[in-house]
Amino acid sequence: MDFFQKIYNHEQVVICNDPKTGLKAIIAIHNTTLGPATGGCRMYPYQTFEHALNDALRLSKGMTYKCVAADVDFGGGKTVIIGDPVKDKTPELFRSLGQYIDSLNGRYYTGTDMGTTPEDFVHAMKETNCIVGLPEEYGGSGDSSIPTAQGVIYGIRATNETLYGSNEIGDKTYSIQGLGKVGFKVAETLLEAGASLYVTDINLEAIDALLKRAKEIGNLSVKVVSGNDIYAVEADAFVPCALGGVINDDTIEVLKAKAIVGSANNQLLDDNHGDLLKKKNILYAPDYIVNAGGLIQVSDELYGPNKNRVIRKTKAIYNSLLEIYRNADNKNISTIESANQFCEQKIEVRKNRNSFFSHHKRPKWEIRH
Ligand SMILES: NC(=O)C1=CN([C@@H]2O[C@H](COP(=O)(O)OP(=O)(O)OC[C@H]3O[C@@H](n4cnc5c(N)ncnc54)[C@H](O)[C@@H]3O)[C@@H](O)[C@H]2O)C=CC1
Ligand SMILES: O=C(O)CCC(=O)C(=O)O
């Protein structure tokens, strides 16, 4: 497909190339109808530029929807750095990225995503004010995976409520893919509630750490499975907390879980996989609804951090998801279609208001500099 066709629905795509620091990155700004774009920065050893571009485009579009659904006055954007987070990180690389972000003059704010940590952005912040999710000692709101994990737990509760008429989480079995910043915390909460788990991670240290934590909690109902075996285990809910695209023709074929609720961005390889899940009677919690906790926290920083506001907005994930499930059921559509319609209607309303009043004066609020 032609490059411009591919980016047709995006407002702007910035290619960052700095041979002096080794930075190769793509910043994708999808839509700024609601406000300046925001979205974390992922670092991954993409095999090709095409893979990286596709990821940036899909992730930034997801951020637009996530902002609408979470009632956050931002638009959707995302950065991907092509590189290995274990070997290729340097302070200079992140300072260079900071300069590119700064060149966008407040059109885009970034922070962490898979493969990056708040500490990386302490370097980037030396070059730009447009950084969120910094460590608390640098004036940020700290680890955004905490509210993200809380949001996933609210999502699991709403799903259990819909399927079983009770939002209890402790009497069920969950299969968790990925025990990183979010997946580990979700696993911990489920174990504390008394649940049984199947877990997998390509990082064996993460698995060891969870087994150790399970011992401390006193719940040893953790079974470790390898790789793709996670899809076929008998679980009440599959909880994807690693990569996107994991819900596809192959995995839907073998999935035994009755529901999917996880933090991974872009879990469905394609939106038509939402229909396939519906056909198979697997209740899918749209990823961008349940994983909004981190976004809620980092965007809140721009008003001055306030933990109570973050907790209140993260809790709202529970009712939003119940409403999306109800609408999907009433209209006989997939849950992702139900969530998309909910967001697209809101964007349309805002677009009309923007063109009526003077849209170019955004942002209306006083952003901290
Ligand atoms: N951190 C946050 O606040 C948010 C994270 N997300 C999404 O949630 C997902 C997880 O994010 P984090 O926990 O922050 O990332 P992370 O990088 O801390 O953890 C990801 C974990 O998945 C594991 N993993 C990678 N490939 C795997 C595979 N094929 N099979 C099993 N495990 C695999 C990694 O070893 C790592 O332990 C990502 O898709 C991210 O975009 C979404 C919203 C906010
Ligand atoms: O906006 C951010 O910096 C963090 C949130 C994010 O990237 C996400 O929810 O995927």
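The working numbering applies: residue 769 is where the sequence shown begins, and numbers increase by one. Glycine included, each C-beta is placed from N, C-alpha and C at the ideal position.
So what does DSSP say about residue i, is it helix, strand or coil?
| i | result |
| --- | --- |
| A837 | helix |
| H1137 | The predicted model places H1137 with a pLDDT of 44, which falls under 50 and marks its position as unreliable, so this point remains unresolved. |
| A1053 | coil |
| K846 | strand |
| V1066 | helix |
| C1111 | helix |
| V1078 | helix |
| Q945 | strand |
| K792 | strand |
| D786 | strand |
| A820 | helix |
| M811 | strand |
| T800 | coil |
| N854 | According to the sequence as given, residue 854 is Val; it is not Asn. Of the three classes helix, strand and coil, the one that applies to V854 here is coil, per DSSP. |
| A1060 | coil |
Does the beta-carbon of residue i, which I'm using as the reference point, lie nearer than 7 Å to any heavy atom of ligand 2?
| i | result |
| --- | --- |
| K953 | no |
| V854 | no |
| V1117 | no |
| N1059 | yes |
| M831 | yes |
Hey, would you say residue i sits closer than 8 Å to residue j, going by beta carbons?
| i | j | result |
| --- | --- | --- |
| L931 | K1026 | yes |
| G901 | G874 | no |
| N1034 | D1055 | yes |
| A1107 | I1085 | no |
| Y868 | I975 | no |
| K1083 | T801 | no |
| L965 | Y999 | no |
Kindly examine ligand 1 and report whether one of its heavy atoms sits closer than 7 Å to the Cβ of residue i.
| i | result |
| --- | --- |
| M811 | no |
| G843 | no |
| K980 | no |
| M882 | yes |
| N1016 | no |
| Q918 | no |
| C1009 | yes |
| K1081 | no |
| V848 | no |
| L965 | no |
How close, in whole Å, do the beta carbons of residue i and residue j come, if the pair is a contact with beta carbons under 8 Å?
| i | j | result |
| --- | --- | --- |
| P915 | G1062 | 6 Å |
| A838 | I1064 | 5 Å |
Is residue i near ligand 4, judged by its Cβ being under 7 Å from some heavy atom?
| i | result |
| --- | --- |
| K834 | Inclusion of ligand 4 in the displayed structure is not the case, the ligand content consisting of ligand 1 and ligand 2 alone. |
Legend entry - Runs of beta strand (DSSP E) wholly within the stretch 962-1047 (minimum 3 residues, chain order): 964-968, 990-992, 1005-1008
Legend entry - Every unbroken alpha helix (DSSP H) within the stretch 859-900, with a cutoff of 4 residues, ordered by chain: 859-870, 886-892
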